[in-house]
Amino acid sequence: MGESKSDILQGTLDLMVLKTLDAMGPMHGYGIARRIEQISEEALQINQGTIYLCLIRLVQKGWIDATWGTSENNRKAKFYAISKAGKKQLAEEAKNWERVSGVIERLLDLAPKRS
Amino acid sequence: MTAPLRLFIARVRAWLGSAAQDREFAQELQTHFEMLAEDYVRGGMSLDEARRQARLKLGMASSLASQHREVRGFRILDDLTQDLRFAWRLMLKERWFSAAAIAAIALGIGANTMGFTIINAAFFRGFAFEQADRLHAVSWRPDRGFRMRLSFTDYQEWREQAQSFSAMAAYQFGAINISDDHAPPEQTQGSWVTANHFDVLRQRPLLGRTFAAGEDQRGSEPVVIIGHQIWTNRFGRDPNIIGRILRINGNAATIIGVMPERMKFPEDSELWAPFVPTDAQLAREVRALSVFGRLKDGISKQQAAAEIDRIAQGARAAHPDATKDVIGGQVETLIERFLGRAVKPMFITVMGAVIFVLIIAIANVANLLLSRAMYRAREVAVRCSLGATRWRVIRQLLIESLALSAVGTLFGLAIAAYSVQVFDNAVQASGAPYWLRFTIDYRVLAYVAAIGVATGTLFGLAPALHVTRNNQHETLKDGTRGATGHRKAGRFGNGLVVAELALTVVLLCGAGLMVRSFVALYASDPGFQVEGLTRMQLQLPPSRYPTAESRARFFEALEPRLAEISGIKSIASTTSVPPLNDEQWRIVVDGRPIVDEERQPFIGTATVTPNYFDVLGVGITRGRGFVQTDGRPGSENVVINQVMADRHFPGEDPVGRRIRFVQREDEPEPVQSWRTIVGVSAPFLQGDSDAAFRTPMVYVPFQQDTPRTSSLLIRSSLPPATIMSAVRSAVQAVDADQPVFAIETVADVFANERVIYQIFSTLFGVLAAIGLTLSAVGVYGVMAYAVTQRTQEIGLRMAIGARRWDVSWMFLKRALIQVSLGLGIGLPAAMALASVARFRLVEIEPTDPVTLAGIAAILLAVALTSSLVPVRKASKVDPLTALRSE
Chain A
5 MGESKSDILQ
15 GTLDLMVLKT
25 LDAMGPMHGY
35 GIARRIEQIS
45 EEALQINQGT
55 IYLCLIRLVQ
65 KGWIDATWGT
75 SENNRKAKFY
85 AISKAGKKQL
95 AEEAKNWERV
105 SGVIERLLDL
115 APKRS
Chain B
-16 MTAPLRLFIA
-6 RVRAWLGSAA
4 QDREFAQELQ
14 THFEMLAEDY
24 VRGGMSLDEA
34 RRQARLKLGM
44 ASSLASQHRE
54 VRGFRILDDL
64 TQDLRFAWRL
74 MLKERWFSAA
84 AIAAIALGIG
94 ANTMGFTIIN
104 AAFFRGFAFE
114 QADRLHAVSW
124 RPDRGFRMRL
134 SFTDYQEWRE
144 QAQSFSAMAA
154 YQFGAINISD
164 DHAPPEQTQG
174 SWVTANHFDV
184 LRQRPLLGRT
194 FAAGEDQRGS
204 EPVVIIGHQI
214 WTNRFGRDPN
224 IIGRILRING
234 NAATIIGVMP
244 ERMKFPEDSE
254 LWAPFVPTDA
264 QLAREVRALS
274 VFGRLKDGIS
284 KQQAAAEIDR
294 IAQGARAAHP
304 DATKDVIGGQ
314 VETLIERFLG
324 RAVKPMFITV
334 MGAVIFVLII
344 AIANVANLLL
354 SRAMYRAREV
364 AVRCSLGATR
374 WRVIRQLLIE
384 SLALSAVGTL
394 FGLAIAAYSV
404 QVFDNAVQAS
414 GAPYWLRFTI
424 DYRVLAYVAA
434 IGVATGTLFG
444 LAPALHVTRN
454 NQHETLKDGT
464 RGATGHRKAG
474 RFGNGLVVAE
484 LALTVVLLCG
494 AGLMVRSFVA
504 LYASDPGFQV
514 EGLTRMQLQL
524 PPSRYPTAES
534 RARFFEALEP
544 RLAEISGIKS
554 IASTTSVPPL
564 NDEQWRIVVD
574 GRPIVDEERQ
584 PFIGTATVTP
594 NYFDVLGVGI
604 TRGRGFVQTD
614 GRPGSENVVI
624 NQVMADRHFP
634 GEDPVGRRIR
644 FVQREDEPEP
654 VQSWRTIVGV
664 SAPFLQGDSD
674 AAFRTPMVYV
684 PFQQDTPRTS
694 SLLIRSSLPP
704 ATIMSAVRSA
714 VQAVDADQPV
724 FAIETVADVF
734 ANERVIYQIF
744 STLFGVLAAI
754 GLTLSAVGVY
764 GVMAYAVTQR
774 TQEIGLRMAI
784 GARRWDVSWM
794 FLKRALIQVS
804 LGLGIGLPAA
814 MALASVARFR
824 LVEIEPTDPV
834 TLAGIAAILL
844 AVALTSSLVP
854 VRKASKVDPL
864 TALRSE
């Protein structure tokens, strides 16, 4: 496990999955994993199996819904779609993220103090 | 639905459908794997390489599956299921060990459940009325005894004044004769009640209606409500019974209602009629009514009691002459009122005993587990070194003990269900109140569940803590079993055995003293010939026999008819069938100074016909017995018994002395004339059980004070049923409406008196036997464990010259020390408890040497016997084998 790369915060993965589903519509787990890797331009190498731990958590929270369907290659696959509650949660978390990242950014921009 | 709740439900569902979810997840992963591999192949990899890479990328399926389970469900539940499965397998594997532990738990919990069932029935469940805990009895507090009834005037005044009660009702319970044109007259028990009786109880009738307001006023139509038993036995459950006429003590009344089967309040009433006070009953001194009421919501018993006492004090101040024998007013719960305070210590003692049994059982199983835990120390150490936390190991050990306890509890419940049934039947047969039924209800089940868990935790915790405290490295490194931890465990185990033995001593003392008092009470010579005696009761209703003279005339007419019955050797009329006698009067001895008549001693009194002593087979030791003329004006003579002579005329000749009774306020007929003692009877068992039936007695001629209620005491070899029908026709030839009832052999009367003691003695005996057995197992367990632990040491000792006897003595000494400690702690504890409990130790002092010596002997024998097998094993140790063995 490449820890420095894939050990991403749980909340961050939640946010990424929600955003992906919001932007792309219903997708299966493999699609979501591929999509996140592509967007991150392969910088984020996740252990793809862990995506399902995130998915089941989101399903149980009611933020996404899961239904069995057929993939483009005629495989039986579970498709996930964002729910109304999920969209609300996404908006909230996105705002939160922006605030936090803004703070971090400003912090990192501080010039080192010379002693 | 709130988010956390929703999440919780989702998790519960996921956990419940775990297998299906696992399958779904596996399917999902498989699809994912195929898609990933396909993409790799498309990217130019060989199929094998693509699969390898996909597997790497996806992660290990089994670990993912367990993580998935963890995220979606409850990890702790999964672990628990696993632990339980393990515990179950272990239980099956170590069958004998488990059987011993389960048996001990089952006995402890079974006994405990039974004890709690008894307490529950008597103190928690009580009566079956709506909000029965709000119902309370109201009475005068007398200067002697527990309670005194109210007069009708008291009742009216108190009801008027008391603000704590929403309603108050009154009744008079007693024997009532019923008759009609269809069936022979019979005697039953019933109550004269105020019209609001059933309203205060909130009791609905099975048929018809209850009394309406005003039906207890003079001049209202006479009505009656019958109980289920009369309805069944006398009327064959006739659904059209309402409106029929029944004669109550000879007066016709209309049946207006039938009560349901388990309703006999108060006492054991089978019939209820309105209480209409006569002029005499309006007097303040005639206290004939029992009063109860329903407390208003929010009013406590203490508040009500304070108010009632205030009212009573007011009445005392206003009517000092009529209230000389009372000191205040009191409020009791119905259970206190009807169970009697005497029974309470008996029940509490039983509860104490069963708790002891449970503690012994717990100590025993803890000991068993402790010695097993030693063998498992390595397993635990391995688990710990593989990364199991201490808490995780403790939890698993606790689950094992809880599983044992659960199985034991179930068996215990089965034992309890059976014994409760036996106990209930026995108590019912002994004439317990109708509402006191011993059954296992939801309260008992909750209690059993609670003690089951507590038991499992208690006996599991000590060994679990102990094993996990051990240094794992030591245990792993060291194959021998001589580590300090073991010695500590051994000391703990010895402590448990001593505790078990001490508690057993207390139980044995309790049982021993009870059995000894029982024997002292009943095994002694009753002083009269019990066999061949039969009694029958007669009650002459005051409406037809208002005076002693009228009643005397009835018996004068009856006597020749009875004498004609062939097969009856002799027959006497009396108020007292030995050993029972509950009538007592205060007496004054002529020529002795008295300060206050109301403070004179109480003496048992019985009214008897001249041949009473002959029928009983009791001799006259001094003076003479009664003759026909005794009791006539001018020969107001009495006979006293030897107890009375010894106690009140020590060193004097009582014959020729005079005594008189102190007039009682509720007894309108005068009794206070002087009476001369003409004879002294040999003592025989008579009186009440508290005094071991050795009560001073005065016998009064039947002719002088012919009572309303009396018994015919018949000496005959005929079967009771034959006597009954012959006597009944003789009685009804004199008065057609007069029933006879309660035919019983005196031997049965005796047995009935004994039965409650017999039940409790047996119960105690059984409990003590259980405790003894468990202790024996405990001694054996610890000894056997010690011998196993010290095999090497024994070998060494023998190798350097110890003889077999020395080795045996090494262990026997230990058993002796344990027994001595057990006795040393248990005996003083038992003494202390006995002196607090004062539990009917009739004529037996708690320090009764026979009982104590017996207990010491029993305990010693049992402890030595149970150490015999391990000690023999120790002495048979072969030094060479022992030293070589690891």
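Residue numbers (our numbering), protein chains in the order written: chain A, 5 to 119; chain B, -16 to 869. The C-beta atom is built at its ideal place from N, Cα and C for all residues, glycine as well. Predicted model only: the values in this text are computed from it and were never measured.
Whole-angstrom distance between Ile239 of chain B and Asn223 of chain B, CA atom to CA atom: Near 11 Å, if we compare the C-alpha coordinates of Ile239 of chain B and Asn223 of chain B.
Cutoff 8 Å: Gln36 of chain B Cβ touching any chain A Cβ: By this cut-off, Gln36 of chain B is not an interface position.
Where Asp5 of chain B falls: helix, strand or coil (DSSP): Residue state, collapsed to three classes: helix.
Cα-Cα separation between Trp(-2) of chain B and Arg61 of chain A, rounded to whole angstroms: Between Trp(-2) of chain B and Arg61 of chain A, the C-alpha separation is close to 14 Å.
Residues bridged to Trp255 of chain B [DSSP beta-bridge criterion]: In the DSSP output, where bridge partners are listed per residue, Trp255 of chain B has B:Ser174, B:Ile208.
Presumed contact (8 Å Cβ cut-off) between Phe156 of chain B and Ser283 of chain B, rounded CB distance: That belief does not hold up - the Cβ atoms of Phe156 of chain B and Ser283 of chain B are roughly 28 Å apart, past 8 Å.
Where the stretch -14 to 16 of chain B meets chain A: residues whose CB sits under 8 Å from a CB there: Listed by position along the chain: Ala(-14), Arg(-11), Leu(-10), Ala(-7), Arg(-6), Ala(-3), Glu7, Phe8, Gln10, Glu11, Leu12, Thr14, His15.
Exposed unless 16 or more other CB atoms sit within 10 angstroms - verdict on Arg170 of chain B: Contrary to the premise, residue 170 of chain B reads as Gln rather than Arg in this sequence. Classification of Gln170 of chain B: buried, given that the 10 Å Cβ count is 16 or more.
Exposure of Lys9 of chain A, with buried meaning 16 or more beta-carbon neighbours within 10 Å: Because Lys9 of chain A carries a pLDDT of 39, less than 50, the predicted location of this residue cannot be relied on, and the following value inherits that uncertainty. In the assembly as shown, Lys9 of chain A is an exposed residue. Its beta-carbon has fewer than 16 other beta-carbons within 10 Å.
Within 8 Å, strictly: CB atoms of Val710 of chain B and Val723 of chain B: The Cβ-Cβ distance between Val710 of chain B and Val723 of chain B falls below 8 Å.
Residues near Leu516 of chain B in its chain [Cβ-Cβ closer than 8 Å; skip 5 each side]: The answer, listed in chain order, is Val598, Leu599, Leu696, Ile697, Arg698, Thr728, Val729, Ala730.
Val24 of chain B at chain A interface by Cβ criterion, 8 Å: Cβ-Cβ to chain A under 8 Å: no for Val24 of chain B.
Test: Leu30 of chain B CB closer than 8 Å to a CB of chain A: False, the Cβ-Cβ gap to chain A never drops below 8 Å.
CB contact below 8 Å: Asn51 of chain A versus chain B: Answer yes: the Cβ-Cβ gap between Asn51 of chain A and chain B drops below 8 Å somewhere.
Counted within 10 angstroms of its Cβ, other Cβ atoms place Glu290 of chain B as buried (16 or more) or exposed: Glu290 of chain B is buried by the Cβ-count criterion.
Inter-residue Cα distance where the pair is Leu380 of chain B and Gly443 of chain B: Between Leu380 of chain B and Gly443 of chain B, the alpha-carbon positions lie close to 7 Å from each other.
As assigned by DSSP and simplified to three states, the class of Ile213 of chain B: Here Ile213 of chain B sits in helix by DSSP.
Met5 of chain A, buried or exposed, once every other Cβ within 10 Å from all chains shown has been counted against 16: For Met5 of chain A, the predicted structure reports a pLDDT of 34, less than 50, and the residue's modelled location is therefore unreliable. The matter cannot be settled from this model.
Closest residue to Gln186 of chain B among B:Arg245, B:Ala236, B:Asp424 (Cα-Cα distance): Proximity to Gln186 of chain B across B:Arg245, B:Ala236, B:Asp424 peaks at B:Arg245, based on C-alpha coordinates.
Buried/exposed call for Gln93 of chain A, threshold 16 Cβ in 10 Å: Gln93 of chain A comes out buried.
Contact with chain E by Gly91 of chain B, beta-carbon distance below 8 Å: Judged by its chain identifiers, the structure shown contains no chain E, and its protein chains are A and B.
Cut-off 6 Å between Cβ atoms - residues of its own chain near Thr467 of chain B, not counting five sequence neighbours on either side: Bear in mind that the predicted position of Thr467 of chain B carries a pLDDT of just 49, short of 50, making it unreliable; the figure below should be weighed with that in mind. The beta carbon of Thr467 of chain B sits closer than 6 Å to no other beta carbon from its chain once the five residues preceding and following it are set aside.
Gly754 of chain B beta carbon less than 8 Å from that of Thr487 of chain B: If you check the CB distance, Thr487 of chain B and Gly754 of chain B come in under 8 Å.
Within 8 Å, strictly: CB atoms of Ser402 of chain B and Gly439 of chain B: Note that the C-beta distance between Ser402 of chain B and Gly439 of chain B is not below 8 Å.
Contact list for the stretch 54 to 72 of chain B against chain A, Cβ threshold 7 Å: Of all residues in the stretch 54 to 72 of chain B, only Val54, Arg55 place a beta-carbon less than 7 Å from a beta-carbon of chain A.
Supposed contact pair Ala295 of chain B and Gly311 of chain B - C-beta distance, whole angstroms, cut 8 Å: Confirmed, about 5 Å.
Short CB-CB distance (under 8 Å) between Gln42 of chain A and chain B: Against chain B, the CB of Gln42 of chain A has no partner CB under 8 Å away; the residue lies outside that interface.
Local conformation of Gly465 of chain B per DSSP, three classes: At Gly465 of chain B the pLDDT is 45, less than 50, meaning the model places this residue with poor confidence; the figure from the coordinates comes in the next sentence. Gly465 of chain B sits in coil when the DSSP states are folded into three classes, being neither helix nor strand.
Cβ of Gly778 of chain B within 8 Å of any chain A Cβ: Contacts with chain A at 8 Å (Cβ-Cβ) do not include Gly778 of chain B.
Lys40 of chain B, enclosing alpha helix (DSSP H) - first and last residue: Element bounds for Lys40 of chain B: 30 to 41.
Close Cβ partners of Ala409 of chain B (< 6 Å) along its chain, the five nearest in sequence each way excluded: Closer than 6 Å at Cβ, skipping near neighbours: Ile742.
Cβ separation of Met97 of chain B and Val274 of chain B, assumed to be a contact under 8 Å, to the nearest whole Å: In this structure Met97 of chain B does not touch Val274 of chain B by the C-beta definition: roughly 36 Å separates them, more than the 8 Å allowed.
Residue-chain proximity (Lys82 of chain A, chain B), Cβ-Cβ < 8 Å: True, the Cβ-Cβ gap to chain B drops below 8 Å.
Residue environment, Gly476 of chain B, which counts as buried when at least 16 other CB atoms sit within 10 Å: With 16 or more Cβ atoms within 10 Å of its Cβ, Gly476 of chain B is classed as buried.
Cα-Cα separation, Met793 of chain B to Arg786 of chain B: In this structure, the CA atom of Met793 of chain B is about 11 Å from the CA atom of Arg786 of chain B.
3-residue-minimum beta strand (DSSP E) runs that sit fully inside the stretch 287 to 352 of chain B, ordered along the chain: Complete beta strand (DSSP E) runs here, min 3: 309 to 316.
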